[in-house]
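Before any comments, here is the structure.
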Amino acid sequence: MLLIVDGHAYAYRAFYAIRSLRSPTGEATNAIFGFIKMLGKLRAALAPRFVLVVWDGGLSEARLAALPEYKAQRPAMPAELGAQIDEIVGYLGAAGVASYCRDGVEADDYIACVARRAARAGLDVVIASADKDFMQLVTRECGVRSAECGVESAESENSALRTPSSALGKVGLFNPNDKSETVWGAAEVRAKAGVNPEQIVDWLALIGDSVDNIPGVPGVGPKTATDLLNEFGTVEELYRRLGEVKSERLRGALASSEAVVRRNVELVRLQDDLECDFVADELVPRAADVDGLRERFERWGFRGMLAELEAGSKDQKPKAKVQSLKSNGSPTLDFGPETLDSTVQAVLL
């Protein structure tokens, strides 16, 4: 199984979850600490053979050309967080975890590209992010334990990747905002949005996305969009049969916003056709650089992590495990209590 982590999303989450944590020399380390803890818990809970952290490399030129105001309302990254991103990337290198960023490529698009290619190679994928755009990638059935897709060993998994199977892998979503800590499949997407994963692009095109500064159809919210798509199936069919919409007000709003909706479809659809060579062997975590980790933990003042490193117990912690399987086959993440460094007692997942 491949775990893909939305790097900036988790760094932001860690930064705001822990507000006052600094190194012995006064540099902010809250995002670093939180990111390491969250990644460790995800890896311990899901036991992925492959791991990739993807970072934003800037905004898509195609989206900016279609909508110059795209994401324009977002505030600049806090300086203290920006300074920690490079440190997190350095930590990943020392920890042997693959990390990727390409100038001009949004993380969402690269994640979509890798997830699609991995699934076509027969590998199950879990995307860790709270971004609702990723719901469009979720497959109808989502079981994320490797044994459920016929992979019983590292040897069999590698051979399946070298010779693509006719059986596609599954793509699931782990949303850290979901308190049930369940890996989402199609059922969870439908419970959240009221539509199937393959309808998410049209659903977002109708309602817009305030986070990305994408306006939707005036007066059309999530419930109305859900009702329309459950009746008509797609935006294309909706506009083909627009006269069947009973509400005159809604029919008028849809008619006057047709160009906006069709543009939005292209804006919210993730670009999974990028150049992204999926080489599974490059995503297998390497042996950690113990000296590199030691230097970082000492510099950051992470006494607990340093003690674990020195004791040789880093492979057994954090104490997370898959405790049970939901009826839909998705594991829940059960995190045992642990003492965090300094006085931090934040719940990070």
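The numbering used here numbers the first residue of the sequence shown as 691 and each following residue consecutively. Even glycine gets a Cβ: it sits at the ideal position worked out from N, Cα and C. Small disclaimer: the values here were computed from a predicted structure and weren't measured.
{"query": "Residue range of the unbroken alpha helix (DSSP H) whose run includes Asp798", "result": "Ala797 to Arg810"}
{"query": "Endpoints, beta strand (DSSP E) assigned at Ile817", "result": "Val815 to Ala818"}
{"query": "Leu757 to Phe987 span [Cα, whole Å]", "result": "43 Å"}
{"query": "C-alpha gap between Asp868 and Pro912, whole angstroms", "result": "18 Å"}
{"query": "Straight-line gap, Ala857 to Val907 (C-alpha atoms, nearest Å)", "result": "39 Å"}
{"query": "Cross-strand partners of Thr958 (DSSP beta bridge)", "result": "Per the sequence shown, residue 958 should be read as Val rather than Thr. Looking at the DSSP assignment, Val958 forms no beta bridge with any residue, so it has no partner."}
{"query": "Meets three-Cβ-pair contact criterion under 8 Å: the stretch 798-813 and the stretch 709-718", "result": "no"}
{"query": "Local Cβ density within 10 Å of Arg998, reported as buried at 16 or more and exposed below that", "result": "Just to set this straight, residue 998 is Glu in the shown sequence, not Arg. Its Cβ being crowded by 16 or more others within 10 Å, Glu998 is buried."}
{"query": "Which of helix, strand or coil DSSP assigns to Leu693", "result": "strand"}
{"query": "Same chain, Cβ closer than 7 Å to Arg1045, five either side skipped, listed in chain order", "result": "Beyond the ends of the chain as shown, which are 691 and 1039, falls residue 1045; an answer cannot be given."}
{"query": "Cβ neighbour criterion (16 or more within 10 Å) applied to Lys727", "result": "buried"}
{"query": "N-terminal and C-terminal residue of the beta strand (DSSP E) that Ser946 is part of", "result": "That residue, Ser946, is in no beta strand (DSSP E); its alpha helix (DSSP H) goes Glu938 to Ser946."}
{"query": "Alpha-carbon to alpha-carbon, Arg953 and Arg764", "result": "21 Å"}
{"query": "Unbroken alpha helix (DSSP H) run spanning Ala895, endpoints", "result": "Ile890 to Ile897"}
{"query": "According to DSSP, residues forming a beta bridge with Arg989", "result": "Arg989 is not bridged to any residue."}
{"query": "Candidates Ile722, Phe824, Ser819 and Gly780: closest to Asp962 by CA position", "result": "Phe824"}
{"query": "Residues near Gly982 by beta carbon distance below 7 Å, same chain, minus five either side", "result": "Ala784"}
{"query": "The stretch 720-734 contacting the stretch 775-791, beta-carbon criterion three pairs below 8 Å", "result": "yes"}
{"query": "Between the CA atoms of Tyr702 and Leu692 - distance to the nearest angstrom", "result": "22 Å"}
{"query": "Any C-beta of chain C under 8 Å from that of Ile722", "result": "This model lacks chain C altogether; it includes just one protein chain."}
{"query": "Exposed unless 16 or more other CB atoms sit within 10 angstroms - verdict on Asp746", "result": "buried"}
{"query": "Residue(s) in a DSSP beta bridge with Ser789", "result": "Val743"}
{"query": "Cβ-Cβ distance between Gln774 and Ala718 below 8 Å", "result": "yes"}
{"query": "Cβ neighbour criterion (16 or more within 10 Å) applied to Phe705", "result": "buried"}
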